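For reference, the structure is listed below as structure tokens.
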Amino acid sequence: MKTSTLSLLVGSLVSGLASAQTPVLHFAYNEATGTTTTVNAANSASFSVVNQFNKPERVAGINGNALRLDGFSTWVTGNFTHNFTKQLTVETWVNLESYPSDAETPYANLTPSALISQFSGANGYQLSLNAFGVWAFTVSLNGQIYACQAPKPFPLYEWTHVVAVVNSPGGTLKLYLNGAEVASTAIPVNSDVTEANVPMFVGKSNVDKRDGIFLLNALSAAVDDTKLYAGALSASTIQTNYQQGAATARALGTRSLDVPLSRFANDPNRPLFHALPPANWTNEPHGLVKHNGAYHLFYQRTPNGPFKTLMHWGHTVSRDLVNWYHAKDALWPTLEWSATNGYDMKGIWSGDVVMDGNKAYAFYTNVNHGGSYNPGIALAISDDAKLENWRKSGPVISKENVNDLRDPFVWKDGSTWRMLIGAALNGYGGLAYYTSTDLVNWTYQPTFSTVPYSQMDIGSAIWEMPVFESLGGGKYALVVNPIGGNVGKYGPTNYTRAVYWTGTFQNGQFTPDYAQPKFLDVIHGHLSPTTERDYKNQLVGIGIVDERRSSQAQLDAGWCHLFTLPRVWYLRPDGKTLGQKPLPDQANLRKPDTYQKYTDRTVTGTSALANTRGKQLEIIAYVDTNTTATKYGLNFRISTNRNELTGLYYDVQQQKIVLDKTASTTASNDEEKVVLQGSYDVTAFGKPHKFHIFLDGSIMDVFINDAAAFSNRFYPTMASSEGVELVAQGGPVTFRSVESWGMKRAVPDTTNGAPRPDYWRYDFETGGLQNLTTTGTAFTVADLTTDNSWGWGGPFQQQGIRHLWGFKDGGDAQTGELKTPNFVLGGDGKVSLLLGGGNDLANLYVALVRASDGVVLTKATGQNDEAYQRVVLDGSGHIGTTCYLKMVDNATGGFGHLNIDDIVIPVRVAVTGVTLDKQSLTLPAGDKATLYATVQAPNATNPALTWQSSNTAVATVDASGNVTATAAGSTTIKVTTQQGNFTAQCTLTVTAAMPTTYRKYTFEQISFDDLIVTGQAFSLGDIATETGWGWGGPFNQQGLRHLWGFKDGGDTQTGELKTPNFVLGGDGKITFLLGGGKDLNNLYVALVRASDNAVLMKVTALNDEGYAPKLLDASAYIGTSCYLKIVDNATGGFGHLNIDNIVIPIRDGGTSGQTTSPGIIMSTDERGAVIRAYPNPIREQFTLALGGFADEEVTVEIIDLNGRTVDLRSFRAVPTYQYATKGMMQSGQLYVVKVSGKTRVMTTKIAVE
């Protein structure tokens, strides 16, 4: 009987444990894309998957498929109840693209989203996440709310395992991240979970935040293996569950966040070859910059839906400005001042990016909810090879001397950096102008333009997105975008659009050629271009073309706004007009098999181009302008019943370009179904003879004479709206040549930056034989012609206007050759050209020739027909071979000539070498550094590199040149080009590890600690607890106390604060909060080299009492003995500095003989975040924060300065450990706390009062 009872007890216990480990709800999400339900594997019940496209997406997950949440319309919901009583575990994998959106509101008013939510009032549970990444688990126990909040923001762009455990028998509520406990909260012992009688949601909260028709607070993420347990999972089980998926999580990376092409596959208005974000909302592109052989375009973005709020900086990358792939967002709103406040918490607005050496400096407009630097211009810095990782450095310019400001543009002029910022002045728009020598400290300049802004403005309230570029020949262009006032999106007085002035720039001032600006585009629609010189030194601009349809249409589409095709900017011959033409590389997207050509078509009324149809088209039409017609142009996107069509024509009498959109769509949500027209400067651009049109879904880019341009939106909806026709009114017009191509997809570019072919093109449109070598007389410039026929027949069917007609000059009697330079054959190896003339493969041919030995690899001849036919020389078996193309005419009889046009050669732009920025480098073990490789020929087809360390036991190097020193010794870091096998190397010496500690000055103890004080500007009387300064606020200090230089003595006192000497360690980045006056000569914080007192770098405040985070990036001086000094030599208005929370990384033991003060907190982790002892100084006990150690056994040893161990104990690491020290340590002494775990040893220092 006893044995039976024991067996039952054991069996019951085992059964209970097994039940606790078995989920009562489990979503595996392994259904196919399009399935609108997901199954609870625990009981086979179906839950709804909501998605506005009725096509929920499944992507690669941790175990099979995962569910892709789109940020605004996708979530799981259904009724679910279970009597959890005293224990509950929530577990899921999630890959988060961004934090959920919310209204642009102060922190206290946020409405968080949730990974999992069944919550209402004071009942239920929720794993919540807010717009700043703050996440917590909230649960109702016995009708009372308890919450456990994680100490750090939730990870982005990686698969993450998250678990919340309610264990009321143990009295704990815990959070786990990737197998490690990160937070714990005490709860009443044996309390019961109070569930809510509401539906459960995965991917959003039970409480919605809306802005009109838009749901803001849903999640953009991939989610997998969502589970609920009616028990408390143990720490070891959680660790096991994480480890089972960890390898897959690392392998997947961000791939699960890629927006499937199927999402917009049926959207006729979604462009395919224009740059635009993968989904949701965008605004102005900015910060177009080239770096490491690629172009990086940053842009305003809301990643969670087709609406504007809490803007990010998106990031897209291209190697050719044509094909783009998406990178992770560069910047987003954060809380830098406190746990609830930040200088850019309302959004990351537009700005600019410049390169200085291998560092990228991003200047952006920061906005918050009042107080200092609202708006301001803030700085972020990246030394990442791919510009994916950025470190914010705080505001560098405050709003001064203007009423409002936004959108900095930065350029270098000699040794001076210059910045223009769009500004609101006294009732009109204008610019704020600054200069700098270090990109950190900026000086206001009162005058940029010699013409007053009041005379330049067009009736706006503010100018946005300024651009200032050299056009060559001593001429410059200033481009701005006036808004507000009498300027509006739909006019009617002035439309929102880019305007410009040309002029000269001398001694830091711009002199416009005219006071009132010219329109950048003939017709409005495109605005806010960003510019960069490409690797061919062409000035290229890309702007935004915003929506012209309703908010409901944008919501239904799931995306909003896009960018223009890249345009090449240049100065027209009149010296006062900006010309724009398409980037030649755009032709790389043509589909060769769709090519159509129409010649010498005389039109009265309309004439259909029967074989030209599509939603993605390029059209080039050449017009004979010797006509009596009053209007001529094209209609396009014509439906078969003609209910939809868009008209484009030139009004000869009015000298206007007209865009007729009155019938462009049958949809009711188009907000601009009108006739638009713009004045056309015939003198500057010439009478329109060339229309170059790109059509892509809902956008058109139009170029006229390769000089004037505009982009606009339209929304055809009918499947048959694909037709094109020529138009003439008031008389006949001859279209000499019309060509068209279908266009390939360019976005997203799934090659993710892989090498792409460049192309050599010979189309003879310039009227010369540039870059070709001639021998003999068969091929000369005189053979270039615009003839469409040969007199006794025709047409030639040439591409464009000009072509090479071998018979034109000299007939058939002449002989000779035409030869290209050598090239490396690339792409698919297929050389394409138009070929006509005689048929004689021995004496009349075009040949692909191997350069090394002159062997003809393949060749083709004509067909005894003057008309052109497309010929392909298939060199696919010789890709990577150095070749040349030669055209040979050795025939002298009838048809003894060749006609040639439109030669297209896929080439590899050859790498000619590689260099490193350092040839030698010394690092202590444990430190990291980045080596920068420069590939000779930055636009090389294949600039890919491989990195190698000759001794990986000493140091390793990753694929981006990031070096990690691991042990003392030496090694050679070598970089090799994949093409050409060129190499460069750096000798790396690794010294013994030098642990980094952090010296902090927080003023919380009403003490200067070991700071040396001279003069009266800084005294203990300046240490303040005030949160505002009486006439404004808040300060936004860290903690309670800070040093307000004005508090005791005002502005009249002078003096200095100075640290003891230290050896700079860690990453060399010194951070602090700084406010007060702006005077770099008399009010500043400086890093000084101790050996010669040379100021290495310094920074001043911004004439604002409020604090701005500051960073002195002294990474170049790591290992140098330095000191920090705070100087106040100013006595006038704002003649003081405010400072708080100084953090200096120093090498342990590197205090240059100085004794560390008891008031200084030290820690071995970056910024003191991993292990920390507090309060410090201590009395009889302290708290030891062990965030750097997971659920593992640790040993803690307390050591005095003589090396004697005063306490030694071991225990399993918890986030915070309460340490009682009564009787162990002596008052006034300093001790080292050493924590040893499985894989790391870390130290911090404490002092005893």
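Count the sequence shown with mature numbering (1 follows the signal peptide of the UniProt record, and there is no 0) and you get residues -20 to -1, 1 to 1229, in order.
Beta carbons are placed, not taken as given, at the ideal position from N, Cα and C, and that holds for glycine.
Only a predicted model underlies this, so the values are computations on that prediction, with no experimental measurement involved.
- Query: Apart from the five residues just before and just after residue 787, which ones in its own chain have a Cβ nearer than 6 Å to its Cβ?
  - Reply: 877
- Message: Using a Cβ distance threshold of 8 Å, determine whether the stretch 100 to 107 contacts the stretch 170 to 181, with at least three qualifying pairs required.
- Response: yes
- Task: Taking all protein chains shown into account, decide if residue 532 is buried (16 or more other Cβ within 10 angstroms of its Cβ) or exposed.
- Result: exposed
- Just the C-alpha distance for residue 307 and residue 960, rounded to the nearest angstrom, thanks. 28 Å
- Taking Cβ positions, are residue 1114 and residue 1056 nearer each other than 9 Å? yes
- Item | Which of helix, strand or coil DSSP assigns to residue 1180 | strand
- Inter-residue spacing [alpha-carbon to alpha-carbon] between residue 671 and residue 59: 60 Å
- Message: Can you tell me which residues form a DSSP beta bridge with residue 311?
- Response: 293
- Below 9 Å between beta carbons: does that hold for residue 1127 and residue 991? no
- Item | CA-to-CA distance, residue 811 to residue 858, given in whole angstroms | 12 Å
- Item | Backbone secondary structure at residue 235 - three-state DSSP | helix
- With residue 665 as the anchor, note down where its beta strand (DSSP E) starts and where it stops. Per DSSP, residue 665 belongs to no beta strand (DSSP E); it is in the alpha helix (DSSP H), 662 to 665.
- Query: So what does DSSP say about residue 715, is it helix, strand or coil?
  - Reply: strand
- Go ahead and pull the three-state DSSP assignment for residue 573. helix
- Query: Helix, strand or coil for residue 548 per DSSP?
  - Reply: strand
- Message: Going by DSSP in three states, residue 489 sits in which element: helix, strand or coil?
- Response: strand
- Query: Which residues bound the beta strand (DSSP E) around residue 533?
  - Reply: It is not in any beta strand (DSSP E) - residue 533 instead sits in the alpha helix (DSSP H) that spans 531 to 537.
- Item | Burial state of residue 1225 (16 or more Cβ within 10 Å) | buried
- Is residue 985 helix, strand or coil by DSSP? coil
- Could you please give the first and the last residue of the uninterrupted alpha helix (DSSP H) stretch that includes residue 435? 433 to 436
- Using the rule of at least 16 other Cβ atoms within 10 Å of the residue's Cβ for burial, across every protein chain shown, is residue 742 buried or exposed? buried
- In whole angstroms, what is the alpha-carbon distance linking residue 79 and residue 408? 37 Å
- Item | Every unbroken beta strand (DSSP E) inside the stretch 745 to 784 [3 residues or more] | 753 to 756
- Rounded straight-line distance, which links the Cα of residue 210 to that of residue 62: 8 Å
- Is it true that the stretch 140 to 149 meets the stretch 210 to 229, where meeting means three or more beta-carbon pairs spaced less than 8 Å apart? yes
- DSSP state of residue 89 mapped onto helix, strand, coil: helix
- What's the C-alpha gap between residue 1090 and residue 132? 21 Å
- Query: Rounded to a whole number of angstroms, what is the C-alpha to C-alpha distance between residue 1064 and residue 639?
  - Reply: 57 Å
- Check whether the Cβ atoms of residue 1121 and residue 985 sit closer than 9 Å, and answer yes or no. no
- Message: According to DSSP, simplified to helix, strand and coil, what is residue 398?
- Response: strand
- Note down, in chain order, each residue of its chain lying with its Cβ closer than 7 Å to the Cβ of residue 509, except the 5 sequence neighbours on either side. 447, 459, 478, 521, 522, 523
- In three-state terms, what does DSSP make of residue 1223? strand
- Does DSSP put residue 858 in a helix, in a strand, or in coil? helix
- Message: Less than 6 Å between C-beta atoms, sequence neighbours within five positions excluded: which residues of the same chain meet that for residue 719?
- Response: 577, 600
- First and last residue of the uninterrupted beta strand (DSSP E) at residue 26: 25 to 30
- Message: Tell me which residues share the same chain as residue 1230 and place their Cβ nearer than 7 Å to its Cβ, disregarding the 5 neighbours each side in the sequence.
- Response: The structure shown does not extend to residue 1230, since the chain is modelled only from -20 through 1229, so no value can be given for it.
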